[in-house]
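Asker:
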Amino acid sequence: MKKYLCSLFFFIISLSVVYGCEKQVLPMPVYPLDAATVTEALKEAELSWMITEEEPWPEGQIVYTLHDEDDKLVAFILSGILNERRLLDVSFMPYSDNPTITQFMPEEEWEKAIIFATLLYGGFESKHQVYDCFTNDHGEKNTVAVPREEIVGNGEVSTWQSEINGIYCLVRIECPYVSMPQRYLNTIRFDNTDGDAFNFEGVTSGTYN
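Add 124 to a position in the sequence shown, counting from 1, and you land on the number used in our numbering.
Structure, rendered in structure tokens:
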């Protein structure tokens, strides 16, 4: 009896270890995204933005326009399925010296914005996984910075790319003045293909290229 109980104990412990080691992942929303999913992700990411326009596109794509509480344009969200390709692009308004004209995404808002995109795509181990990898890597590895003369102050754009849980991730940061430390979030992009995460070949609009 004692031997049986010991065997049962070790069996239960083994099951606990096996199930405890299984990776839990975020649910993957149906694509293209519907408005309810976007609204729920905004809420969970603690962002006060709102959908102001929904535009269906060909080839199983949809674009949402987001504004903040002051009715400033914040971002465009493109989501869609192209064959086996599942893609998400969140493009934020570029930096401007005149904040009454455009909205931009300063560094203190990056965490919430990346969490928002992570929830919209799903498949990651947690809503902080992409942000944590990005903050650990950016400027040190998986990052390429290039000058951009068309940016205010002849600034530069740095692009971080990495594969996480089989998902190709891109975060693009804009620095409008090379002589100043301010940086702004430009683009978050997720793609399940093994191609270049920059290349949204087949997407209807060149806005996201």
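Here a beta-carbon is modelled for each residue, glycine too, at the ideal position from N, C-alpha and C.
(1) Hey, how far is the Cα of Ile238 from the Cα of Ser303?
(2) Bridge partners for His191 per DSSP, in chain order?
(3) Going by DSSP, what residue range makes up the beta strand (DSSP E) through Asp256?
(4) From the DSSP output, which residues share a beta bridge with Met342?
(5) Given Glu177, which residues of its chain have a CB within under 6 Å of its CB, disregarding the five upstream and five downstream residues?
(6) If you draw a straight line from the alpha carbon of Arg307 to that of Tyr219, how long is it in whole angstroms?
(7) Among the candidates Asn316, Trp181, Asn289 and Ile201, whose CA atom is the shortest distance from the CA of Thr161?
(8) Determine the DSSP secondary structure at Leu338, reduced to helix, strand or coil.
(9) Keeping to the same chain, check which residues put their C-beta closer than 6 Å to that of Ala169; ignore five residues upstream and five downstream.
(10) Any idea if Glu232 is buried or exposed, counting beta-carbon neighbours within 10 angstroms, 16 or more meaning buried?
(11) Which of the three DSSP states is assigned to Leu166 in this structure?
(12) Specify the secondary structure class of Glu235 as computed by DSSP and reduced to three states.
(13) State yes or no: is the C-beta of Val149 within less than 8 Å of the C-beta of Glu280?
(14) What's the C-alpha gap between Gly310 and Met217?
(15) For Val268, count neighbouring C-beta atoms within 10 Å of its own C-beta (all shown protein chains included) and say buried if the count is 16 or more, exposed if not.
(16) State the DSSP-derived secondary structure class of Thr317, mapped to helix, strand or coil.
Answerer: By the coordinates alone:
(1) Position 114 of the sequence shown, counting from 1, holds the residue named residue 238. Position 179 of the sequence shown, counting from 1, holds the residue named residue 303. Between Ile238 and Ser303, the C-alpha separation is close to 26 Å.
(2) Walking along the sequence shown from the start, residue 191 turns up at place 67. Looking at the DSSP assignment, His191 forms a beta bridge with Met174 and Leu197.
(3) As a working note, residue 256 is residue 132 in the sequence shown. Element bounds for Asp256: not the beta strand (DSSP E) but the alpha helix (DSSP H), Gln253 to Asp261.
(4) Outside the displayed span of the chain (125 to 333) sits residue 342, for which this structure offers no information.
(5) Within the sequence shown, the letter at position 53 stands for residue 177. Contacts found: Thr189.
(6) Residue numbering aside, residue 307 sits at position 183 when the sequence shown is read from its first letter. Residue numbering aside, residue 219 sits at position 95 when the sequence shown is read from its first letter. Approximately 9 Å between the Cα atoms of the pair.
(7) Along the sequence shown, one-based indexing puts residue 161 at 37. Closest by alpha carbon: Ile201.
(8) Beyond the ends of the chain as shown, which are 125 and 333, falls residue 338; an answer cannot be given.
(9) Taking the first residue of the sequence shown as 1, we reach residue 169 at position 45. So the list reads Lys236, Ile239 and Phe240, once near-sequence residues are dropped.
(10) Position 108 of the sequence shown, counting from 1, holds the residue named residue 232. Answer is exposed; the Cβ neighbour count stays below 16.
(11) Locating residue 166 in the sequence shown gives position 42, where the first residue counts as 1. Reduced to three states, the DSSP call for Leu166 is helix.
(12) Counting from one through the sequence shown, the residue named residue 235 turns up at place 111. Here Glu235 sits in helix by DSSP.
(13) As a first step, residue 149 must be located in the sequence shown, where it is residue number 25. As a first step, residue 280 must be located in the sequence shown, where it is residue number 156. No. Outside cutoff.
(14) Against the sequence shown, residue 310 aligns to sequence position 186. Against the sequence shown, residue 217 aligns to sequence position 93. At residue 310 the sequence reads Asn, which differs from the Gly that was named. Roughly 7 Å separates the two Cα atoms.
(15) Position 144 of the sequence shown holds residue 268. It counts as exposed.
(16) Within the sequence shown, numbered from 1, the residue matching residue 317 stands at position 193. Note: Thr317 maps to coil in three-state DSSP.
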